[in-house]
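Each residue of the sequence shown is one higher than the one before, counting from 69 in the numbering used here.
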Amino acid sequence: MGILYGMVARGHVVLAEFSATQTNASTIARQIMEKMKQGDDDSNASYSHDRYIFHIKKTDGLTVLCMADEASGRRIPFAFLEDIHQRFVKTYARTILSAPAYAMNDEFSRVLSQQMDHFSNDPNADRLNRLKGEMNQVRNVMIDNIEKVLERGDRLALLVEKTTNIQGNAVGFRRQSRRYRNTMWWRNFKLTCSLLLIFMIVLYIVLAFLCKGLLLPSCFN
Numbered sequence: 069m070g071i072l073y074g075m076v077a078r079g080h081v082v083l084a085e086f087s088a089t090q091t092n093a094s095t096i097a098r099q100i101m102e103k104m105k106q107g108d109d110d111s112n113a114s115y116s117h118d119r120y121i122f123h124i125k126k127t128d129g130l131t132v133l134c135m136a137d138e139a140s141g142r143r144i145p146f147a148f149l150e151d152i153h154q155r156f157v158k159t160y161a162r163t164i165l166s167a168p169a170y171a172m173n174d175e176f177s178r179v180l181s182q183q184m185d186h187f188s189n190d191p192n193a194d195r196l197n198r199l200k201g202e203m204n205q206v207r208n209v210m211i212d213n214i215e216k217v218l219e220r221g222d223r224l225a226l227l228v229e230k231t232t233n234i235q236g237n238a239v240g241f242r243r244q245s246r247r248y249r250n251t252m253w254w255r256n257f258k259l260t261c262s263l264l265l266i267f268m269i270v271l272y273i274v275l276a277f278l279c280k281g282l283l284l285p286s287c288f289n
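Take a look at the structure:
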């Protein structure tokens, strides 16, 4: 239900009021104002009546009052009173000091109605809860960013590990390739030497055979 009645007064002179429901809120509000001490002292007060709470804000001789249900607490109604006070002073300024009863009612009752609906139904009207919501959003974004950084860190660590493994594998591959090349070179060298030795032996045998064949006729003569 929220805020159901709002009123602005100078002392006991009501300058504007609005009621969202058919209640005796206006009568109770006047009774409360009559019991309050008159003066220039700034004060905030709350009075319980049946199922409703009357909240009053006095500032610089101007009284702003509202009636709300108990579920509304105190923070939202007093935020409404502060908002109404600032709007009223900004709109009428020094006219407030000499205005007769209900002089601003036709115009400002619509403002009371709009702001009562705003503070009763719009979650953003509660500044503290709005700030908490914004802080929660910021906290969630920070947590999400931290998780992304940590996840990125894990990925970087994994990438570094993989890079290290690749580098290690590359070094091992180069070593194995070097050993293989050395082994193949020695094998080729040995094979070449063996072929060269065989060739020399064969050449020696052929030359020896040829020389022996050439020497034999001269021996018989």
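Don't be surprised by glycine CBs; every beta carbon is placed ideally from N, CA and C.
Which residues DSSP lists as bridging residue i, in chain order
| i | result |
| --- | --- |
| alanine 77 | Val82, Thr131 |
| serine 111 | Lys126 |
| alanine 136 | Ile71, Ile121 |
Anticipated Cβ contact below 8 Å, residue i with residue j, distance rounded
| i | j | result |
| --- | --- | --- |
| histidine 123 | phenylalanine 146 | 6 Å |
| leucine 133 | alanine 97 | 5 Å |
| methionine 135 | tyrosine 120 | 5 Å |
| aspartate 137 | glycine 70 | 7 Å |
Between the CA atoms of residue j and residue i - distance to the nearest angstrom
| i | j | result |
| --- | --- | --- |
| threonine 95 | tyrosine 73 | 11 Å |
| arginine 78 | lysine 103 | 15 Å |
| isoleucine 273 | asparagine 233 | 59 Å |
| arginine 157 | histidine 80 | The identity of residue 157 in the sequence shown is valine, whereas the question assumes arginine. Their backbone Cα atoms lie some 17 Å apart in a straight line. |
| alanine 93 | serine 87 | 8 Å |
| aspartate 190 | glutamate 229 | 53 Å |
| threonine 91 | lysine 216 | 57 Å |
| alanine 143 | tyrosine 115 | Correcting the residue type first, residue 143 is arginine in the shown sequence and not alanine. Their backbone Cα atoms lie some 15 Å apart in a straight line. |
| serine 245 | cysteine 279 | 50 Å |
| alanine 169 | asparagine 192 | 33 Å |
| leucine 227 | glutamine 235 | 12 Å |
| aspartate 174 | serine 188 | 22 Å |
Exposure of residue i, with buried meaning 16 or more beta-carbon neighbours within 10 Å
| i | result |
| --- | --- |
| glycine 201 | Interpretation of glycine 201 is limited by its pLDDT of 48, a score under 50 that renders its predicted location unreliable; the figure taken from the coordinates is listed afterwards. Burial call: exposed. |
| lysine 258 | exposed |
| valine 270 | exposed |
| glutamine 183 | buried |
| alanine 238 | exposed |
| request: Please specify which runs of the beta strand (DSSP E), each continuous and at least 3 residues long, are wholly inside the region 143–197, giving them in chain order. | output: none
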